[in-house]
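These protein sequence lines map, in sequence, to chains A and B.
Heads up: the first sequence begins at 675 in the working numbering, then just goes up one per residue.
Heads up: the second sequence begins at 143 in the working numbering, then just goes up one per residue.
Each remark here refers to the structure printed beneath this line.
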Amino acid sequence: MYRNLTIKQKQIVWAWAFLALPVLFYSVIRFYPTGNAMLISFQDWNLLGTRTWTGLDNYTTLLSDPVFWQVFRNTFIYLLLGTPVSLVVAFAIAYHLDKVRFMHGFLRMLYFLPFMTSAVAMAWVWRWFYQPVPVGLFNNALASLGIPQVNFLNSTTNALPAILAPAVWAGLGFQVIIFMAGLRAIPRSYYEAARIDGVSTWTVLWEITLPLLRPTIVFLVVFSSIGFLRIFDHVFNMTTNNPGGPLNSTKPLVLMIYQTAFSSFDMGYAAAQTVVLFIVLLLVSLLQLWIMRDR
Amino acid sequence: MADLSIRDLVKRYDKTQVLHGISLDVQDGEFVVFVGPSGCGKSTTLRMIAGLEEITSGEVSIAGRVVNNLEPKERDIAMVFQNYAIYPHMTVRKNIGFGLRTAKMPRADKERRIDEVAVILGMTDLLDRKPSQLSGGQRQRVAIGRAMVRDPAVFLFDEPLSNLDAQLRTQMRLEIKKLHQRVGNTIIFVTHDQVEAMTMADRIVIMKDGHIQQVGTPSDVYHQPANTFVARFIGAPSMNMLPGVVGNGGKIRLDSGAEVTLDTGATPGQAVVVGVRPEDLYPNDGPALVRGPVLVREPLGAETLIYVGREGEEVIAKADGRTPPEVGEEVTLTAALGNLHIFDAETGEALR
Chain A
675 MYRNLTIKQK QIVWAWAFLA LPVLFYSVIR FYPTGNAMLI SFQDWNLLGT
725 RTWTGLDNYT TLLSDPVFWQ VFRNTFIYLL LGTPVSLVVA FAIAYHLDKV
775 RFMHGFLRML YFLPFMTSAV AMAWVWRWFY QPVPVGLFNN ALASLGIPQV
825 NFLNSTTNAL PAILAPAVWA GLGFQVIIFM AGLRAIPRSY YEAARIDGVS
875 TWTVLWEITL PLLRPTIVFL VVFSSIGFLR IFDHVFNMTT NNPGGPLNST
925 KPLVLMIYQT AFSSFDMGYA AAQTVVLFIV LLLVSLLQLW IMRDR
Chain B
143 MADLSIRDLV KRYDKTQVLH GISLDVQDGE FVVFVGPSGC GKSTTLRMIA
193 GLEEITSGEV SIAGRVVNNL EPKERDIAMV FQNYAIYPHM TVRKNIGFGL
243 RTAKMPRADK ERRIDEVAVI LGMTDLLDRK PSQLSGGQRQ RVAIGRAMVR
293 DPAVFLFDEP LSNLDAQLRT QMRLEIKKLH QRVGNTIIFV THDQVEAMTM
343 ADRIVIMKDG HIQQVGTPSD VYHQPANTFV ARFIGAPSMN MLPGVVGNGG
393 KIRLDSGAEV TLDTGATPGQ AVVVGVRPED LYPNDGPALV RGPVLVREPL
443 GAETLIYVGR EGEEVIAKAD GRTPPEVGEE VTLTAALGNL HIFDAETGEA
493 LR
């Protein structure tokens, strides 16, 4: 029977033969649970008992839950602070590292190292950095300079940026590598032509380098936004005694989902939060792709 | 517009020396083409003139001013790159105008200059397009436009036609030549294509391994090549090289057995190479320079190239296009004595 197919049909048969496994995997491991989570978000379920249909109850509870709004705000602060800061820092490093020949590989390795380090180990080391005197590195340094102590993790205003810092640092290596690849892809003659035209370094940066890096920037903005919207491990590990504290000031959406699901066993409510996160991720990604689309 | 001169120019990268002290004077308004095989140092020389490469030693001066330590922008030059280096995210107008970014002139003047250049290059209606909407030849024109808009003393072209297809290359060649006749600026043009060099140049500079082999008009380098390298490099198909030995009384005995009598000034017993261009070598009943069977024929229409002689030692000759000899036919090839070039076999230098 196979022999009687046209070449085109045979190609289709082979394509689907190879696609069968991933399709199966995605259906069972990805799409089914996603659909199921959406279903559960309209139900009441404690993980063991029966599921009961509650309609939009979970969503109305969510909208009137002050903790949810606090958490929603936190998540967006992580996003709106983390993405630009990490991109600007990563670009600045990549831009200069690209020009350095001396120990280039070694320096690049140093920047990439945090990306390969376990987030848990990193979070705990930074947690130690942030302790008060005589333990914490930062406060000891401040004390020796005669500057008053800073309350890093126990302050409702300082805790979030304090947790964001190692998260930014952890992702930096990856972003630097991608930026450098993007910079390398710009033909040298563009810069040489600009040199002959005699335009300033700033003009070259703003009018040649950055516009030509647009695809790289779009990729990194989307990629790092998704990362910051899903931040969890750094927060959880740096605030273990009171996850997301103090007073929910560092709690991101994913941590709230985790607590609702596996501390309160309120699966329906957690699923509703997951759906909200899903929609937020979708909208943010689509918005960014639309803003940065190639005109 | 200005003259340009190079004195004992040397370029060294760490231990490898790529330019061995070349000197050249270019007249105001002259069209000079640097030609040579890849790695001969022609592009390096151009980039040193432009200021994109550091000068190891020697001197470059433009309009009587030594420019060794001047930034490219201060040298009053403009350059057209092989890949055009036009910015894909800018319109044609912005690309052409980029060369005027630092010029101190009112905005309206800049716009007028851009429009003038666009008229000369015939691309007024393309000014608002992006480079991706242009053909190869049009992109090339934008690159030239960006150089022209600055009205530099010297134009530098770095193999600007090698990314174009054959037909477009011929067309652009002509356009650049016309442009030069119109604007009259000094032009230094680098290429590896000897046809481009011959057709465009006022003077050709032939380079090899970081040395200048010969400088001269297209006619000079074609008819009086200074050495075997130039003789082979210029002209297609290449010049035939027939080894021989000088005998008494100006006789040269070729390895093939033929004899020619020529006043060369060479000492008897000296090994020489007799060069003869394919178009100067043709089937005739005169005194034989080469005799042998026709191995291959290449009809070109007006004439037919024939490969004559023993396999591996064949020479190329031109036969009539209508009645060429058959493959396998024994032919006798002759050439006018005045069209023979004699080179020293050892040094390759021309003896006459």
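A virtual CB, placed ideally from N, CA and C, is assigned to each residue, including glycine.
Note that the structure is predicted; figures quoted are calculated from it, not measured.
Roughly how many angstroms separate the alpha carbons of A:T680 and A:P696, rounded to a whole number?
Roughly 25 Å between the two C-alpha positions.
Going by DSSP in three states, A:Q823 sits in which element: helix, strand or coil?
In this structure, A:Q823 counts as coil in the three-state DSSP scheme.
What does DSSP give as the partner residues of B:I329 in its beta bridges?
Partner(s): B:F173, B:F297.
Check whether the Cβ atoms of B:V175 and B:F371 sit closer than 8 Å, and answer yes or no.
No, the pair does not count as a contact, with Cβ atoms beyond the cut-off.
Roughly how many angstroms lie between the CA atoms of A:L761 and A:V895, to the nearest whole one?
Using only the alpha carbons, I get a separation of about 8 Å.
Is A:Q933 helix, strand or coil when you go by DSSP?
A:Q933 falls in the helix class under three-state DSSP.
If you draw a straight line from the alpha carbon of B:V388 to that of B:E421, how long is it in whole angstroms?
Roughly 25 Å separates the two Cα atoms.
Which residues in the same chain as A:N911 place their Cβ atom closer than 8 Å to its Cβ, once the five residues preceding and following it in sequence are excluded?
Taken in chain order, the residues that qualify are A793, V794, A797, W798, R801.
Please list, in chain order, all residues of the same chain as B:A444 whose beta carbon is under 8 Å from its beta carbon, the five residues on each side excluded.
Excluding positions up to five away in sequence, the list reads G463.
Taking one C-beta from the stretch 946-962 of chain A and one from the stretch 736-754 of chain A each time, how about it: are there three or more such pairs within less than 8 Å?
At 8 Å Cβ cutoff, the stretches touch.
Taking the straight line between their C-alpha atoms, what separation do you get for B:Q356 and A:A859?
Rounded to whole angstroms, B:Q356 to A:A859 spans 39 Å at the Cα level.
Across the stretch 233-247 of chain B and the stretch 278-292 of chain B, are there enough close Cβ pairs to call them in contact, namely three or more that are closer than 8 Å?
Flag = yes, the stretch 233-247 of chain B and the stretch 278-292 of chain B touch.
Output, in sequence order along the chain, the residues in the stretch 227-248 of chain B whose CB is closer than 7 Å to any CB in chain A.
From the stretch 227-248 of chain B, only A227, Y229, H231, F240, G241, R243, T244 have a Cβ closer than 7 Å to chain A.
Rank B:E196, B:R154, B:I204 by C-alpha distance to the C-alpha of B:S147 and give the top, closest one.
Comparing Cα-Cα distances from B:S147 to each of B:E196, B:R154, B:I204, the minimum goes to B:I204.
Taking only beta-carbon positions, decide if B:K215 is within less than 8 Å of chain A.
So yes, B:K215 belongs to the interface.
Listed in chain order, which residues of the stretch 848-873 of chain A have Cβ atoms closer than 8 Å to some Cβ of chain B?
Correct list: P861, S863, Y864, E866, A867, A868, R869, I870, D871, G872, V873.
Please list the partners that A:P889 has in chain B, where partner means a Cβ-to-Cβ separation under 8 Å.
The contacting residues do not exist; A:P889 stays about 11 Å from chain B at best.
Pick out whichever of B:R243, B:K252, B:I238, B:F299 has its Cα sitting closest to the Cα of B:R271.
Closest by alpha carbon: B:I238.
Does the structure place the stretch 306-321 of chain B close enough to the stretch 238-256 of chain B that three or more beta carbon pairs sit under 8 Å?
Output reads no: the stretch 306-321 of chain B does not touch the stretch 238-256 of chain B.
Determine, using beta-carbon pairs with one atom in the stretch 802-817 of chain A and one in the stretch 872-887 of chain A, whether at least three such pairs fall under 8 Å.
Short answer: they don't touch.
Output, in chain order, the set of chain B residues within a Cβ distance shorter than 7 Å of A:P885.
In chain order: H231.
When the Cα of A:F848 is compared with those of A:T830, A:V763, A:F776, which residue comes out closest?
If we check each option's Cα against that of A:F848, A:V763 comes out closest.
Examine chain B for any beta-carbon lying closer than 8 Å to the beta-carbon of A:I837, and answer yes or no.
No, because no Cβ of chain B sits closer than 8 Å to the Cβ of A:I837.
Tell me where the beta strand (DSSP E) around B:Q356 begins and ends.
Element bounds for B:Q356: 353-358.
In three-state DSSP terms, what is B:P179?
Note: B:P179 maps to coil in three-state DSSP.
What separation, rounded to the nearest whole angstrom, lies between the Cα atoms of B:K393 and B:A492?
Those two C-alpha atoms are separated by around 17 Å.
So B:L423 and B:A477 are supposed to be a Cβ contact under 8 Å. How far apart are they, rounded?
With a Cβ gap of about 5 Å, B:L423 and B:A477 count as contacting.
Do you know how far the Cα of B:Q275 is from the Cα of A:Y865?
Distance between the alpha carbons of A:Y865 and B:Q275 is about 22 Å.
Smallest Cα separation from B:V291: which of B:T341, B:T244, B:A308?
Considering only alpha carbons, the answer is B:T244.
Can you pull the DSSP bridge partners for B:A413?
B:A413 pairs with B:V387.
Can you give me the start and stop residues for the alpha helix (DSSP H) that B:V209 sits inside?
Careful: B:V209 lies outside any alpha helix (DSSP H) and carries neither H nor E.
Among B:V363, B:R311, B:E456, B:N327, which residue has its Cα nearest to the Cα of B:P385?
The shortest Cα separation from B:P385 among B:V363, B:R311, B:E456, B:N327 belongs to B:E456.
In terms of DSSP beta bridges, what is A:E866 paired with?
Beta-bridge pairing links A:E866 to no other residue.
Taking DSSP as the reference, what is the three-state secondary structure of B:N382?
B:N382: strand per DSSP, three-state reduction.
Mind listing the chain E neighbours of B:M221? Cutoff is C-beta to C-beta under 8 Å, in chain order.
Reference to chain E is not applicable here, since the protein chains of this structure are A and B.
Please classify B:P230: does DSSP put it in a helix, a strand, or coil?
B:P230 falls in the coil class under three-state DSSP.
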